[in-house]
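Undergrad: Taken in order, these protein sequences are the chains called A and B.
Each residue of the first sequence is one higher than the last, beginning at 113 in my numbering.
Each residue of the second sequence is one higher than the last, beginning at 889 in my numbering.
Dropping a structure here in structure tokens format, bear with me for questions.
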Amino acid sequence: MDNAATTMHKPQAVIDAVAAAMGSMGNAGRGANEASLSASRVIYDTRDKLCRFFGGENPRQFVFTNNSTESLNIAIKGLLNPGDHVITTMLEHNSVLRPLYEMEKKGVKLTIIKSNEKGTFDLKDMEEAILPETRMIICTNGSNLTGNYIDIEKVGEMAHAHGLLFVVDASQTAGVFPIDVQKMHVDVLCFTGHKGLLGPQGIGGMYVREGLSVRPLKSGGSGVKTYSKNHPIEMPTALEAGTLNGHGIAGLNAAVDYINEIGIDTIRQKEQCCMQRFYEGVKDIPGVKIYGDFTSFNRCAIVTLNIGDYDSSEVSDELLTEYGISTRPGGHCAPLMHEALGTVEQGAVRFSFSHYNTDEEVDTAIEAVRQLAQD
Amino acid sequence: MRKKELKLVVTFHTTADAMAMEKACKEYHVPGRIIPVPRAISAGCGLSWCAELSDREEIAAMMEKAGIKEEEMHECMV
């Protein structure tokens with residue numbers, strides 16, 4: 113039950129696609145031999161599928177990276193300049209916060225919108241923080257710590273009404289919640305392939321709105337314009353220096369097919385059913401404290417809790433050794449969220465569900481929490 | 889080496905554009921194939937679309953329909 117870290121159970125079709133790619137794929141864009149072309153074809157086909165999946169206008173606006181962290185670094189460092197103001201929230205992961213702190217040292221002004229004790233923020237506070245020099249709003253679509261879901265369509269609408277760029281960290285939601293970048297006013301969408309998208313680790317990506325120019329983080333080989341001293345400016349090559357992770361992309365391609373076949377709504381509902389069952393099973397156990405907003409179950413399939421004053425690492429270790437349940441304890445790379453929840457010292461135990469989890473597994477976890485709380 | 893013929897060679901800015909071209913040509917049943925860019929041509933992407941000269945208009949119309957931008961359209965010996 114540690115699927116928010118990575119979905120460990122991958123569809124067999126994804127595993128097969130990676131293995132097949134490793135036996136047949138050359139280096140994309142580095143020749144017209146069949147092996148190289150086969151890589152180029154799979155990579156383009158995956159851009160095309162992602163474009164449809166996320167409601168993009170053109171497959172060329174989908175760039176492959178290693179993960180969300182790389183995508184977020186490209187977006188933050190490639191769009192902000194000294195003197196710009198950027199707004200974010202306390203819900204964010206370090207993959208958003210640390211690049212922003214880095215830019216702060218270079219003269220970017222940063223405002224972090226406060227979260228309440230339930231781990232949510234008020235859109236009005238965000239709107240009131242806008243300054244004449246504000247260039248960007250960047251926020252998560254779902255908290256990796258509490259599972260709280262942020263309605264990015266509302267944030268995007270507000271950002272665009274003020275003429276601001278809107279960058280979304282979809283690490284916890286891509287592949288599970290429907291995302292339509294055009295409808296939701298998203299200028300840059302950053303996602304990883306190995307969580308909700310059910311693909312391999314080491315492959316992620318980003319969408320960049322057509323016409324928006326992002327300064328690249330890297331330059332180098334591209335298979336394009338060999339004799340130019342400058343890296344090509346055309347998308348997607350502009351943001352893709354070096355050999356792409358073709359094997360990972362082949363896996364991601366199969367993963368998108370799998371999600372489309374099962375249905376994103378079916379997958380989300382199954383995960384949310386597990387979350388709701390678990391939440392209702394543990395919420396009244398004496399000593400159990402649950403974090404996050406559960407007024408609606410239309411949220412990421414995460415239940416984060418503590419038992420009494422026990423160190424979250426001890427609880428997580430007991431869950432593993434006594435009951436065979438994997439969870440994540442401690443800090444969750446979201447330092448400001450821990451501050452808002454008051455869990456900096458204790459950390460928190462995160463249960464995160466997959467559509468592969470069963471009711472029996474959830475019931476075992478509920479019983480485990482009950483027994484640990486009685487000890 | 890086989891004898892060279894005058895052909896239409898379409899070049900692209902990126903590999904993604906070349907792949908978009910191949911996919912669209914397959915979809916619209918437009919003849920031709922991907923070849924490495926001939927040495928006589930200077931091009932961005934190392935891949936180009938090679939077809940008969942007589943298919944030029946059909947190819948240009950299909951590219952417009954599919955939203956694919958070429959870097960250049962050449963006529964050269966391939």
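We treat Cβ as the ideally placed atom computed from N, Cα and C, and that holds for glycine.
1. Can you check whether the C-beta of residue 913/B is within less than 8 Å of a C-beta belonging to chain A?
2. Applying a beta-carbon distance threshold of less than 7 Å, which residues of chain A neighbour residue 920/B?
3. If you drop the 5 nearest sequence neighbours on each side, which residues of the same chain put their C-beta closer than 6 Å to that of residue 485/A?
4. For a contact meaning CB atoms closer than 9 Å, what does residue 899/B contact in chain A?
5. Does chain A have any CB closer than 8 Å to the CB of residue 907/B?
6. Would you say residue 473/A lies against chain B (beta-carbon separation less than 8 Å)?
7. Report yes if the C-beta distance between residue 184/A and residue 448/A is below 8 Å; otherwise report no.
8. Just to confirm, are residue 903/B and residue 133/A a CB contact at a threshold of 8 Å?
9. By the criterion of Cβ-Cβ separation under 8 Å, what are the contact partners of residue 964/B in chain A?
10. Going by alpha carbons, who is nearest to residue 482/A out of 468/A, 170/A, 395/A, 423/A?
11. Do we get a CB-CB distance below 8 Å when we pair residue 923/B with the residues of chain A?
12. Looking only at its chain, what residues have a beta carbon closer than 7 Å to the beta carbon of residue 129/A, apart from the 5 residues adjacent to it on each side?
13. For residue 935/B and chain A, any beta-carbon pair shorter than 8 Å?
14. Can the beta-carbon of residue 251/A be found closer than 8 Å to that of residue 299/A?
15. What number of angstroms, rounded off, separates the C-alpha of residue 232/A from the C-alpha of residue 445/A?
16. From residue 468/A to residue 238/A, what distance separates their C-alpha atoms?
17. Short check: CB of residue 212/A to CB of residue 223/A, under 8 Å?
18. Relative to the C-alpha of residue 248/A, which residue among 236/A, 278/A, 274/A is closest?
19. Between 464/A, 349/A, 450/A, which lies nearest to residue 206/A when the distance is taken from Cα to Cα?
20. Within the chosen definition, does the stretch 140-158 of chain A reach the stretch 918-931 of chain B through at least 3 CB pairs nearer than 8 Å?
21. Kindly say whether residue 354/A, judged by its beta-carbon, lies nearer than 8 Å to any beta-carbon of chain B.
22. Once you ignore the five residues that flank residue 295/A on each side, which residues in its own chain have a CB closer than 8 Å to its CB?
23. Have a look at 262/A, 180/A, 357/A, 268/A and flag the residue whose alpha-carbon is nearest the alpha-carbon of residue 151/A.
24. If we ignore side chains and look at the alpha-carbon of each, how far apart do residue 488/A and residue 286/A end up?
25. Going by alpha carbons, who is nearest to residue 320/A out of 163/A, 403/A, 411/A?
26. Take the Cβ of residue 158/A as the centre, count every other Cβ of all protein chains shown within 10 Å, and call the residue buried at 16 or more, exposed below.
27. According to a CB-to-CB cut-off of less than 7 Å, which residues of the stretch 318-332 of chain A neighbour chain B?
28. DSSP state of residue 165/A, grouped into three classes?
29. Mind checking who residue 289/A pairs with in its DSSP beta bridge?
30. Please compile the residues from chain B whose C-beta is within a distance smaller than 8 Å of the C-beta of residue 362/A.
31. Rounded to the nearest angstrom, how far is the Cβ of residue 414/A from that of residue 288/A, given a contact under 8 Å?
32. At a Cβ threshold of 8 Å, is residue 928/B touching chain A?
33. Measuring alpha carbon to alpha carbon, tell me which of 422/A, 218/A, 198/A ends up nearest residue 241/A.
34. Within the same chain, show all residues whose beta-carbon is closer than 8 Å to that of residue 245/A, passing over the 5 residues directly before and after it, in chain order.
35. Using a C-beta to C-beta distance shorter than 7 Å, which residues of chain B count as neighbours of residue 144/A?
36. Kindly indicate if chain E contains any beta-carbon less than 8 Å away from that of residue 954/B.
TA: Looking at the atomic coordinates:
1. no
2. The contacting residues do not exist; residue 920/B stays about 13 Å from chain A at best.
3. 397, 399, 400, 419
4. In chain order: nothing, as chain A lies at least about 11 Å away.
5. yes
6. no
7. no
8. no
9. Going along chain A, no residue has its Cβ under 8 Å from residue 964/B, so there is no contact; the nearest lies around 16 Å.
10. 395/A
11. yes
12. 362, 363, 365, 366
13. yes
14. no
15. 17 Å
16. 37 Å
17. no
18. 278/A
19. 450/A
20. yes
21. no
22. 167, 265
23. 357/A
24. No answer is possible for residue 488/A: the residues shown for chain A start at 113 and end at 487.
25. 163/A
26. buried
27. none
28. helix
29. 286/A
30. Correct list: empty, because the minimum Cβ distance to chain B is about 14 Å.
31. Incorrect: roughly 11 Å between the Cβ atoms, too far for contact.
32. no
33. 198/A
34. 195, 196, 197, 221
35. 922, 923, 924, 935
36. No chain E is part of this structure, whose protein chains are labelled A and B.
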